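Working notes, structure below.
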Amino acid sequence: MNSFSRGRRLTAAALTALAVATSATACGSGSTGTGTKAADDGTYTIWDPYPQFAKGSAWVKLLDACGAKAGVKIKRTGFDTSDLANKTLLAAQQDNSPDLLIVDNPVVSTLAEAGVLTTTDENKLDTSKVDPNLLAAGQVGGKTYGTPIGANTLALYYNKKVLKEAGVDVASVKDWPSLTAALAKVEKAGKKGITFSAIGTEEGSFQFLPWFWGSGAKLTELDSPAAVSALSLWKGWLDKGYAPNSVLNNTQTTSWQEFATGDYAFAENGTWQLAGAKKAGFDYGVLPVPASGGGNAAAPTGGEFVTVPVQSDTGRYTTTQKLTTCLTSTQNLYDTDTTLSYVAPTTEIQDKQVAADPELKPWVEAVRSAKGRTSDDLGTKYPKISEQMWKAVQSALSGSKSPKDALTAAQSAVK
Amino acid sequence: MSHTTRVPHRRPAPDHSGAAGAAPAAPPPARRRPSSQQWAAWAFLTPVTLYLVLFYAYPLYRNIDLSLRNYTVRSFVQGDAPFTGLQNYRTVFDDPTFAPALLHTVVFTAVCLVFQYAIGLALAVFFNQHFRLSATLRALFLVPWLLPLIVSASTWSWMLNSDSGIVNAVLHAVGVDPVNWLTSPSWSLISVIIANIWIGVPFNLVVLYSGLQSIPAGLYEAAALDGAGPWRRFWSITFPLLRPVSAITLLLGLVYTLKVFDIIWIMTKGGPAESSTTFATWSYQLGFGNLLPAFGPGAAVGNLLVVAALVFGLVYARVQRKQALS
Numbered sequence: 001m002n003s004f005s006r007g008r009r010l011t012a013a014a015l016t017a018l019a020v021a022t023s024a025t026a027c028g029s030g031s032t033g034t035g036t037k038a039a040d041d042g043t044y045t046i047w048d049p050y051p052q053f054a055k056g057s058a059w060v061k062l063l064d065a066c067g068a069k070a071g072v073k074i075k076r077t078g079f080d081t082s083d084l085a086n087k088t089l090l091a092a093q094q095d096n097s098p099d100l101l102i103v104d105n106p107v108v109s110t111l112a113e114a115g116v117l118t119t120t121d122e123n124k125l126d127t128s129k130v131d132p133n134l135l136a137a138g139q140v141g142g143k144t145y146g147t148p149i150g151a152n153t154l155a156l157y158y159n160k161k162v163l164k165e166a167g168v169d170v171a172s173v174k175d176w177p178s179l180t181a182a183l184a185k186v187e188k189a190g191k192k193g194i195t196f197s198a199i200g201t202e203e204g205s206f207q208f209l210p211w212f213w214g215s216g217a218k219l220t221e222l223d224s225p226a227a228v229s230a231l232s233l234w235k236g237w238l239d240k241g242y243a244p245n246s247v248l249n250n251t252q253t254t255s256w257q258e259f260a261t262g263d264y265a266f267a268e269n270g271t272w273q274l275a276g277a278k279k280a281g282f283d284y285g286v287l288p289v290p291a292s293g294g295g296n297a298a299a300p301t302g303g304e305f306v307t308v309p310v311q312s313d314t315g316r317y318t319t320t321q322k323l324t325t326c327l328t329s330t331q332n333l334y335d336t337d338t339t340l341s342y343v344a345p346t347t348e349i350q351d352k353q354v355a356a357d358p359e360l361k362p363w364v365e366a367v368r369s370a371k372g373r374t375s376d377d378l379g380t381k382y383p384k385i386s387e388q389m390w391k392a393v394q395s396a397l398s399g400s401k402s403p404k405d406a407l408t409a410a411q412s413a414v415k
Numbered sequence: 001m002s003h004t005t006r007v008p009h010r011r012p013a014p015d016h017s018g019a020a021g022a023a024p025a026a027p028p029p030a031r032r033r034p035s036s037q038q039w040a041a042w043a044f045l046t047p048v049t050l051y052l053v054l055f056y057a058y059p060l061y062r063n064i065d066l067s068l069r070n071y072t073v074r075s076f077v078q079g080d081a082p083f084t085g086l087q088n089y090r091t092v093f094d095d096p097t098f099a100p101a102l103l104h105t106v107v108f109t110a111v112c113l114v115f116q117y118a119i120g121l122a123l124a125v126f127f128n129q130h131f132r133l134s135a136t137l138r139a140l141f142l143v144p145w146l147l148p149l150i151v152s153a154s155t156w157s158w159m160l161n162s163d164s165g166i167v168n169a170v171l172h173a174v175g176v177d178p179v180n181w182l183t184s185p186s187w188s189l190i191s192v193i194i195a196n197i198w199i200g201v202p203f204n205l206v207v208l209y210s211g212l213q214s215i216p217a218g219l220y221e222a223a224a225l226d227g228a229g230p231w232r233r234f235w236s237i238t239f240p241l242l243r244p245v246s247a248i249t250l251l252l253g254l255v256y257t258l259k260v261f262d263i264i265w266i267m268t269k270g271g272p273a274e275s276s277t278t279f280a281t282w283s284y285q286l287g288f289g290n291l292l293p294a295f296g297p298g299a300a301v302g303n304l305l306v307v308a309a310l311v312f313g314l315v316y317a318r319v320q321r322k323q324a325l326s
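In the order they appear, the protein sequences are chains B and R.
All residue numbers for the first sequence refer to full-length UniProt numbering, where the first residue is 1 and numbers rise by one.
All residue numbers for the second sequence refer to full-length UniProt numbering, where the first residue is 1 and numbers rise by one.
Now the structure itself:
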């Protein structure tokens, strides 16, 4: 370096300084670029958990159309659904929240607890037409923090051919004993019984809940005898080979792939697989998850909420309200829920959906009797309960604990 | 660059003999126009300093800060989390997951290191013989290293699937009962270890192979003339002369293995029943694996990992210095 001539050295120093300065300004403009706070520049940010929809998809076109109607430009980002809660918390920490956030329903109570979301009193969202059991997932302490954009839930898909070969009449499946008997027949006929997802994440809890609630158990008491009976049912299926051991590692997608092979008689899966079911190339039917003693079990509601995060510039709410009204208008909700393969949140649109596609009928019924995971004012207690629940399911199914011990440990960990 | 940056720091007074005394190894700095040189020195130092502060010091500080406060989702957003000292660390130590996670981390790291090194060394010696196609084969062995982790981990997870995996199909064909590789608490840790060894072997192979190149061939000839067999030649020439390279390979491998997260998370999510949870997956589980994040304890576990890696990093630096001196 000492051999550098003075001129060269100075040039180098100047260049370095320039580089530092430009990179500093680049950082600066970068942070305001992703932000939403650039006064009222007529750009409104929307975050959603639908990364599968690219530019040019019906969903993005709808967002742009609603923006144009309100006279603003829309900047939309699609996130992976498991990332969205943390991204939103971080954004709120930096006062950089999106104007409109579409988020998975069990996350709403967590974000509300964090003070990230406005209530419907503040953001003037109209929730009067929404089914109360769906809206409950977004209610904490008597306040409502958004409105569902659509709902989905779980039911049992069945493969008609496999059941026929095994000599099972699907009408006989009314409760747990008759379902287990059907599985036994299928197993005897050399086919596979049932597949579901018991993975160690929220997905596992979501799939276990219809059985948990169907036994009459309550989330506030994980170790009740009813809860033990639900877990023992799953454990029994695994032990007898009615369900594959791989359920422990199955996501709902991999579980669906197993069912799509055509070897399985039953699969517990959601409304969103309907499109895939038509492609699977075999005759399938759908039946609600039975409760232990007959009747339909309450399944958990899935689906997202439209929420309005808190802004430091409260003047933005007026436009945001126009956007939400547009998004949740009857026709737009109908179109969106058709695209997403969801059941609409209002009776009016549900009837319209069933009229257009009678196959949706069992799903609409399932959604009407479904229950929000964070309902019953569980709110932010739910995530902790759910984590212990999926751990208990994993412990019991993998054989490291008995169902009773696993659930007792889970209950004491929740406290 | 080191001497130019040191001069402005260490000079106690504008006295050049003092500066030379502070850094005796450095040649005396050019006397003409010291100020412009200083400017240049600072200018050259700025980018790296900024980079270090922005991308290393600040995140590290934030992580320590996170682990010392009681963060709830609300206080995380509002930034008014109360300072609770070492409470999060106590929570982590008292957690029933702590002991198994520690054990799994130690077992995972130790077993992976031993096998990666042994297999890597064996392959390096093998490929050092320059037979036909040895270069092609060696390149093929690099594939695990080049594949994105998500691809290799997902592939392992398919192969080890209890019901439809190829491994169990092969076992079945030879009459062995299927093994629940990923879904049995007694096998899950072994499965992720096997996958991680496969991924780590190429690194060991490459570094050790390049180490072998520096051993003069004459030594082997002389040993052969003296009647040393291949086994003797390995233990008396290859292994001792490879020691410096081995030390660094093992230490780097240790730091890499300690923080392995992707493979375990993709293959087992740390389960079932926490049977493959290591500190890395536990930290993620606490911070992001739940709808209600526990940032404080998550950061505390992360910091424990950083400290462990730091300890071995220091060992590494020491070993390197020793080698530089010898």
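Note that beta-carbon positions come from the ideal geometry of N, C-alpha and C, so glycine has one too.
A quick note: this is a predicted structure, and the numbers were derived from the prediction, not measured.
Here DSSP, grouped into helix, strand and coil, assigns B/Ile46 to strand.
Of R/Arg232, R/Glu221, R/Val176 and R/Val111, the smallest CA-CA separation from R/Ile194 is found for R/Val111. At a cut-off of 4 residues, the continuous stretches assigned as alpha helix (DSSP H) that sit fully inside the stretch 53-95 of chain B are 58-70 and 81-93.
Annotation for R/Phe115: no beta strand (DSSP E) segment contains it, though the alpha helix (DSSP H) segment containing it runs Phe98 to Phe127. Under the three-state reduction of DSSP, B/Thr119 is assigned to coil, being neither helix nor strand. A residue is called buried when at least 16 other Cβ atoms come within 10 angstroms of its Cβ; R/Tyr71 meets this threshold and is buried.
Of the residues B/Gly67, B/Val72 and B/Leu117, the one whose Cα lies closest to the Cα of B/Ala91 is B/Leu117. Fully enclosed alpha helix (DSSP H) runs of no fewer than 4 residues occupy 361-368 of the stretch 351-386 of chain B, in order along the chain.
Fewer than three Cβ pairs drawn from the stretch 114-131 of chain B and the stretch 395-406 of chain B lie within less than 8 Å of each other, which leaves the two stretches out of contact. When the beta-carbon positions are compared, B/Ile74 and B/Tyr50 stay at least 8 Å from each other.
Its chain contains Thr339 as the residues whose beta carbon lies nearer than 6 Å to that of B/Ala58, once the 5 sequence neighbours on both sides are disregarded; these appear in chain order. Contact between R/Ser184 and R/Leu160 fails: their C-beta atoms lie close to 11 Å from each other, not under 8 Å. The continuous alpha helix (DSSP H) containing R/Asn204 extends over residues Ser188 to Gln213.
Chain-ordered, the chain R residues with CB closer than 8 Å to the CB of B/Ser400 read Pro185, Pro272, Ala273 and Ser275. Contact annotation: the stretch 290-307 of chain R does not touch the stretch 204-224 of chain R, with fewer than three C-beta pairs closer than 8 Å. Within the same chain, and ignoring the five residues on either side of R/Thr109 in sequence, the residues whose Cβ sits closer than 6 Å to its Cβ are Thr257 and Leu258.
In this structure, the beta-carbon distance from B/Lys188 to B/Asp263 does not fall below 8 Å. The beta-carbon of B/Ala410 is placed no less than 8 Å from the nearest beta-carbon of chain R.
Less than 8 Å divides the Cβ of R/Thr277 from the Cβ of R/Ala101. Looking at R/Ala41, R/Ser36, R/Asn180 and R/Val174, the one whose alpha-carbon comes closest to that of R/Gly165 is R/Asn180. The beta carbons of B/Val343 and B/Gly150 sit about 7 Å from each other, so the pair counts as a contact at 8 Å. The C-alpha of B/Ser398 lies about 31 Å from the C-alpha of B/Leu84.
Residue range Leu154 to Asn159 is occupied by the beta strand (DSSP E) that includes B/Ala155.
Contact annotation: the stretch 230-243 of chain B does not touch the stretch 134-143 of chain B, with fewer than three C-beta pairs closer than 8 Å. Neighbourhood of B/Leu89 in chain R, by CB distance below 8 Å: Val73, Phe76, Val77 and Pro293, in chain order. Pairwise C-beta distances place the stretch 309-325 of chain R out of contact with the stretch 111-121 of chain R, as fewer than three of them are shorter than 8 Å.
For R/Ala273 and B/Ala366, the gap between their C-alpha atoms comes out near 32 Å.
Counting the other Cβ atoms within 10 Å of the Cβ of R/Ser154 gives fewer than 16, which makes it exposed.
For B/Lys401, the three-state secondary structure derived from DSSP is coil.
Following the DSSP letters along the chain, one finds R/Leu314 inside the alpha helix (DSSP H) bounded by residues Phe295 to Leu325. Contact between the stretch 217-236 of chain B and the stretch 265-279 of chain B is not established, with fewer than three Cβ pairs separated by less than 8 Å.
Within 10 angstroms of the beta-carbon of B/Ala355 lie fewer than 16 other beta-carbons, which makes it exposed. Residues of chain B whose Cβ lies closer than 7 Å to the Cβ of R/Ser162 are, in chain order, Pro244, Asn245 and Ser246. B/Tyr284 carries a strand assignment under DSSP once its states are collapsed to helix, strand and coil. Residues of the stretch 197-210 of chain B with a C-beta less than 8 Å from any C-beta of chain R: Ile199, Gly200, Thr201 and Glu202, listed in chain order. B/Glu202 has its alpha-carbon roughly 9 Å from the corresponding atom of R/Gly289.
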